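Sequential numbering of the sequence shown, starting at 44, is according to the numbering used here.
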Amino acid sequence: MFGLIPTFTNNLATNDNSFKSIFDVFNEPFFQNAFAPVNSMFNAFKVDVKDTDNAYELTAELPGVKKENIALDYQNGYLTIKATMQNEQNQNEESNYIHQERYYGTMQRSFYVGQIDKANAKAEYTDGVLKMT
Numbered sequence: 044m045f046g047l048i049p050t051f052t053n054n055l056a057t058n059d060n061s062f063k064s065i066f067d068v069f070n071e072p073f074f075q076n077a078f079a080p081v082n083s084m085f086n087a088f089k090v091d092v093k094d095t096d097n098a099y100e101l102t103a104e105l106p107g108v109k110k111e112n113i114a115l116d117y118q119n120g121y122l123t124i125k126a127t128m129q130n131e132q133n134q135n136e137e138s139n140y141i142h143q144e145r146y147y148g149t150m151q152r153s154f155y156v157g158q159i160d161k162a163n164a165k166a167e168y169t170d171g172v173l174k175m176t
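See the structure below:
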């Protein structure tokens with residue numbers, strides 16, 4: 044009734060450390076700076092979209108963004124949230140950064156929400172969280 048079950052081993056798992064050293068070169072400053080624009084696309088703000096019976100509820104995390112730097116646009120059934128992060132450092136000052144990850148610039152996300160009742164649409168921005176209904 045109980046036979047032998049064949050098993051397979053993964054030889055790559057035992058040589059795991061050799062592959063780690065190959066990819067360590069991508070942690071060097073040259074590669075991190077070269078891919079900074081690509082990395083910023085993946086650092087886009089996070090949004091939860093909830094479908095209730097009679098409305099959509101969107102919650103977007105926008106820490107550090109001032110209220111006046113947030114724009115909402117609705118066209119053809121798409122709601123677009125656009126946020127601009129301002130670099131508060133004086134551009135004339137000499138920078139002595141060793142490593143910089145914070146993103147400054149414009150980010151936007153669009154979501155299809157279909158037809159909405161603009162008269163009853165609401166948005167509130169408190170403590171870096173944008174809530175829309």
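For glycine and all other residues, C-beta sits at the position ideal for the given N, C-alpha and C.
This structure is a prediction, so every number in the text was calculated from the model and none was measured.
Sorted by chain position, which residues of the same chain lie with C-beta nearer than 6 Å to residue 165's C-beta, five sequence neighbours on each side aside? 176
Beta-carbon gap between residue 173 and residue 98 smaller than 7 Å: Their beta carbons are not under 7 Å apart, which means residue 173 does not touch residue 98 by this criterion.
In the DSSP output, which residue or residues are listed as bridge partners for residue 113? 126, per the DSSP bridge assignment.
Taking a contact to mean a Cβ-Cβ separation below 7 Å, would you say residue 112 touches residue 123 in this structure? no
For my contact list, residue 159 and residue 117 are in at a C-beta cut-off of 8 Å; report their separation, rounded to the angstrom. 7 Å
My output table needs one value for residue 161: the three-state DSSP class, helix, strand or coil. Assignment of residue 161 by DSSP, reduced to helix, strand and coil, places it in the helix class.
Which residue or residues does DSSP assign as beta-bridge partners of residue 151? 125
Work out the CA separation of residue 154 and residue 82 for me, nearest whole Å. Its pLDDT being 49, under 50, residue 82 is placed unreliably by the model, and the measurement read from it follows with that caveat. Going from the Cα of residue 82 to the Cα of residue 154 covers about 22 Å.
Contacting residues, own chain, Cβ-Cβ under 7 Å from residue 141 (five flanking each side not counted): A distance below 7 Å between beta-carbons, with the five flanking residues on each side excluded, links residue 141 to no residue of its chain.
Would the beta-carbon of residue 148 fall within 7 Å of that of residue 105? no
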